Amino acid sequence: MGNSSGKHSTACKEALSGLDSNEVETLEKQFRAAAGRKAPQDKLDADALGQALGLSSSRLSTSLFKALQSISGAKSKDAEMAFDDFAVAVTKATVSARYERRSFWNLVVAGHEGGSAPREMMRAVIEEEVSRGLPSGASSSLRETIVTETVAAAFEGKGGDSLTSDELEQWLMANESSEAFFADIMQGYFLRSTGGSARPKVQMPTLSRPSALLKEAHLFALARQMPRHCLEAPWKLLYNSNKHGQSFARFTSKILFKGPTVIVIRDKGGASFGMFAGVSWRRHNQFYGDASSLVFSLTPKCKVYRSSGVNKNYQFLATNLTSASCANGLGMGGQMDFWGLHLGDHLEDGVCRAPCSTFSNMPCLSSDAKFQIDVVEVWGCVPTYVADEKELEAAGVKRKKAKTWEEYQSQRDGKTILEGNLEGKAVLEAAGRTNYSADVRAADALMAKEKAHMQGSQGGGGSDSEDYDYE
C-alpha cells in the first residue's frame, strides 16, 4: 500500500481517486492498524472491524462486515477482506449520496434490500448510536432509559418482533440522523482517524431551573431534532401555569417575541406532550413559522415528529378573532377546522387530532382528542433573545409605553383592570372564571425572591424572562 498504488485493482484505483491524498494515506494506515499486521496483503475480518470501530455487539460487527462485502463487488465472500475490496466498500458507504447511505443502513440492519429488521438488531443499532451520542459523564441509567424508550417507540403498534422494509423507511424518515450512522463511524476511523466517529455528540440542553415535565431522556430526544443554536445556553423558564396562573393573557404576555420556544403540556389524563416553535410567537390570523417546528410526546412514549413538508401550517396565535371559522388560542399543525395541536384561549382545554398533514406520522399526542389542561410550561431556547424593532415592525406591533404616571405604576406593580373593581370580580366569580391576578402577583413576589437568591449564588441563571407589553 502507500507508494504501491500501482498494485491495486482497477476498481480500487477508481475508488481511491475520489479521495484526497490525506484520506488515502489514513485509509491505508488505519486498515493495517485494524487488521493488526503490517504487510501489504493484510486482510480484515468482522471481529477486527468491530474492535476498530468500538462496536459493542458482535452481531452488529458481523452484519456491517457482510454489508461491506456485499457492496465491494468482490466475487469471493471469504471471512476476510483484502484492502482493495475494503477500500471500494468504504468509499461507496461514506462518500455517497444520502439515498445510498440510507440503502447501506438498511443493508446492515435488514441484511438485504427490502428485508426486515429484528428487534434485537434494532436495539443493538440504537444502543450503539445513543451511547456515542450522549455527552461524556452521562449515566448508564439515562442511556438505558433512552434506548428502551426509542426501541419501544420504533415497534409501537407493530404486529411482530421485526420491522418490515416500509416500517424501516418510516422510522428512518423520523430519525434522519440515524441513516448516516454507519457511514459516519467508518469515515471517522478509516478516513479521518477521529476515534471512530465523524459525528459530534448530541449537545443536550440544560434547564435554568427544574421542570415538572421534562426529564433528561426527553431533552436528549428533542436535542437530536432541534437546531443547534437552540441548545447552546440553558433554557429559560418563561411560563409555568402553576406559578403564573392558568391565564391565557398571562401566558401570551410571557411568550410573545421570545425567539424559539418549547411548550410542554400535561393533560388531566396524565399524558405529557408539546411543541417546538422555531420562531417567535406573535399574534396573527394566519399560520406562520418554519420547518424546524416539531411536535412531540413525552409520556407514555417519548417520540418526536418532524415537519412533513406537505404544508407550512406551523404556528398560530390569535386572541381577538371574531370569525366562527378561526378559533382564538395557540395552535401548531393541521388546519383551523382540524388542528394538529391547539390550546384554547382560556388555557383550560385543547384538542389534538390525527392524522396531521403538517407532521409526519403524528398520532394523537394527548390522552384524548379533546383534553383538559393540567400544567403548561414554556421554555425559551435562546435566553438572550430580544426582538429588535425590525421584527416587531414586520409583525405590525411595537412596545407599549405608559402614557401616564399612574399607568406606569400599574404596569410596574402588576395591577390589572379589575383592581379595585369589586363588581367586575363578582361577575367573573359568578361565571365560574377564576381571577388569577392575586395569585399571579403572589407568584411573582415569590419568584422575585428566588431570583434575588439565585443571582447571589449562581449569577441569576434561573430567572424568568422580562415581561413586555405590545400593541
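Add 377 to a position in the sequence shown, counting from 1, and you land on the number used in this note's numbering. Here a beta-carbon is modelled for each residue, glycine too, at the ideal position from N, C-alpha and C. Nothing here was measured: the structure is a model prediction, and the numbers come from that model.
Per DSSP, the unbroken beta strand (DSSP E) holding residue 661 starts and ends at 661-665.
One alpha carbon belongs to residue 525, the other to residue 665, and they sit about 36 Å apart.
Between the C-alpha atoms of residue 625 and residue 601 there is a straight-line separation of about 31 Å. Across the structure, residue 692 and residue 654 are spaced so that their CA atoms are roughly 7 Å apart. A straight-line Cα-Cα distance of about 7 Å links residue 463 and residue 449. Sequence-distant Cβ neighbours of residue 486 in its own chain, meaning closer than 8 Å and more than five residues away, are 440, 494, 498, 499, 502, 545. If only uninterrupted alpha helix (DSSP H) runs of at least 4 residues are considered, those enclosed by the stretch 392-429 are 398-412.
With fewer than 16 other CB atoms across the displayed protein chains lying within 10 angstroms of its CB, residue 687 is exposed. If you look at residue 471, you'll find it in the alpha helix (DSSP H) that goes 460-471. The bridge partners DSSP lists for residue 707 are 694, 720. In this structure residue 563 touches residue 470 by the C-beta definition: roughly 6 Å separates them, less than 8 Å. Look at the beta carbons and you see the stretch 670-678 touching the stretch 639-653: at least three pairs across the two are nearer than 8 Å. The secondary-structure analysis by DSSP pairs residue 446 with nothing; it has no beta-bridge partner. When DSSP reads this structure, residue 617 sits in a beta bridge with 754.
The residue from 587, 757, 567 with its alpha-carbon nearest to that of residue 608 is 757. Comparing alpha-carbon positions, the option among 647, 589, 405, 603 lying closest to residue 620 turns out to be 589. Taking all protein chains in view, the Cβ of residue 446 is crowded by 16 or more other Cβ atoms within 10 Å, so the residue is classified as buried. Secondary structure note for residue 507: its alpha helix (DSSP H) is the uninterrupted segment 496-510. Counted as a single uninterrupted DSSP element, the alpha helix (DSSP H) harbouring residue 630 occupies residues 625-632.
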